[in-house]
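S.K.: Have a look at the structure that comes next, please.
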Amino acid sequence: MHRDLVLAFRLTPAKYLRLFASFLERNTRTPQAMRECLQRQGLVGAGAMAHSLAGEAAVLGAVAVQRSATAVEEGLRLADAQEALDAVLADIDELESALAQLAGPPDGGAAGPDAPA
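For the sequence shown, numbering that gives the first Met the number 0 gives the first residue as 0, with consecutive numbering after it.
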């Protein structure tokens, strides 16, 4: 659990874990949604998704997800050539991996935001 967050927002550990679980539930499909948006030439939509995800991750202390989402967002700002889009897709793969690590093992145990990414 991200201790500074709990203290700053006066969250109980149970409330923080609920927020964290809700974050994972809402965002597990976000990388795939970004890919689909890019296939339809939706740079702005994919960038908005990345921006929102980066902000939520920052609030929850999910640093690896925040960094990956920020890399996607920054890449999309520069993505006017196919090479740039290929780099963005690689960033989305990293983002997807960071989210999967937060979700924890397939048995359902959540790793949490302080888990190594």
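Glycine included, every Cβ here is placed at the ideal spot set by N, Cα and C.
Do you know how far the Cα of Leu-59 is from the Cα of Phe-19?
M.R.: In the sequence shown, the residue the question calls residue 19 occupies position 20. In the sequence shown, the residue the question calls residue 59 occupies position 60. Rounded to whole angstroms, Phe-19 to Leu-59 spans 7 Å at the Cα level.
S.K.: Tell me the rounded alpha-carbon separation between Pro-30 and Arg-9.
M.R.: Taking the first residue of the sequence shown as position 1, residue 30 is located at position 31. Taking the first residue of the sequence shown as position 1, residue 9 is located at position 10. Pro-30 and Arg-9: Cα-Cα distance of roughly 31 Å.
S.K.: Tell me whether Gly-54 sits in a helix, a strand or coil according to DSSP, three-state version.
M.R.: The residue you call residue 54 lines up with position 55 of the sequence shown. Looking at Gly-54 - three-state DSSP - the assignment turns out to be helix.
S.K.: Thinking just about the alpha-carbon of each residue, which of Glu-35, Thr-27, Leu-75 is nearest to the one in Glu-55?
M.R.: Here residue 55 is taken as the residue at index 56 of the sequence shown, counted from 1. That would be Thr-27, whose Cα lies nearest to the Cα of Glu-55.
S.K.: Can you name, in chain order, every residue of its own chain whose Cβ lies under 6 Å from the Cβ of Gly-44, other than the five neighbours on each side?
M.R.: Within the sequence shown, numbered from 1, the residue matching residue 44 stands at position 45. Cys-36, listed in sequence order.
S.K.: Pick out the complete beta strand (DSSP E) segments inside the stretch 4-29, 3 residues or longer, and give them in chain order.
M.R.: The stretch 4-29 contains no whole beta strand (DSSP E) run of 3 or more residues.
S.K.: Is it right to say Glu-95 is buried, meaning 16 or more other beta carbons lie within 10 angstroms of its own, or is it exposed?
M.R.: On the sequence shown, residue 95 is found 96 positions in, with the first residue counted as 1. Buried is the call here.
S.K.: Buried or exposed for Ala-89, going by 16 or more other Cβ atoms inside 10 Å?
M.R.: For the purposes of this step, residue 89 is taken as the residue at position 90 of the sequence shown. Answer is exposed; the Cβ neighbour count stays below 16.
S.K.: Answer with buried or exposed for Glu-24, where buried requires no fewer than 16 other C-beta atoms within 10 angstroms of its C-beta.
M.R.: As a first step, residue 24 must be located in the sequence shown, where it is residue number 25. Glu-24 should be labelled exposed.
S.K.: Which one of Ala-86, Asp-92, Tyr-15, Gln-100 has the shortest CA to CA distance from Gly-74?
M.R.: As a working note, residue 74 is residue 75 in the sequence shown. Checked all of Ala-86, Asp-92, Tyr-15, Gln-100; the closest Cα to Gly-74 is Ala-86.
S.K.: Let me know the secondary structure DSSP gives Leu-77 once reduced to three states.
M.R.: Counting from 1 along the sequence shown, the entry for residue 77 is found at position 78. Coil, per DSSP.
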